[in-house]
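Everything below concerns the one structure shown next.
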Amino acid sequence: MRRSALVLLLVFVVLTCSACRTIRTHDVGKVGVEDAMRLYMTNPTVVEWLRKTKATPILLEQGTWKIILSDGVVFYNEYSDDKGVLYINQIHATSDDPQTAERIKQLNKEIDELFRSKQ
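For the sequence shown, our numbering gives the first residue as 225, with consecutive numbering after it.
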């Protein structure tokens, strides 16, 4: 009886803490959206991308991921080369901060120009 009461108390504490976000379920990346977009322009592998952003990826659907950064969110897809190495593909960044959102628009233009020049 005492053991079950203790287990119930533990479950209650964990649920309460997770509801108020005391227990974090993901890590916020250590870089900003702008840095992540500039990193994308270097054609990083998924391992390199996650190591440098220091964010925990959240799977949304098959092949589509999301990372939460200090000033916004980046959605991305992955693709595999002939050797099976995963790379970042088709990123989409958002931010609630108007200045960051403006920089995202500018970086999207730079990314488009970069990929057009490579074709």
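All C-beta atoms, glycine included, are put in the ideal place defined by N, C-alpha and C.
### Under the three-state DSSP convention, the category residue 307 falls into
In the structure shown, residue 307 sits in coil (DSSP, three-state: anything other than H, G, I, E or B).
- Message: For residue 254 and residue 343, what's the separation of their Cα atoms in angstroms?
- Response: The straight-line gap from Cα to Cα measures roughly 33 Å.
* Counting Cβ pairs closer than 8 Å, one from the region 328-343 and one from the region 268-283, do we hit at least three? -> no
Taking residue 277 as part of the alpha helix (DSSP H), name the residues at either end of that continuous run.
-> Where residue 277 is concerned, the enclosing alpha helix (DSSP H) stretches over 270-277.
Next item on the list: Would you please state the rounded distance, in angstroms, between the beta carbons of residue 260 and residue 293? I believe it to be under 8 Å.
Entry: 6 Å
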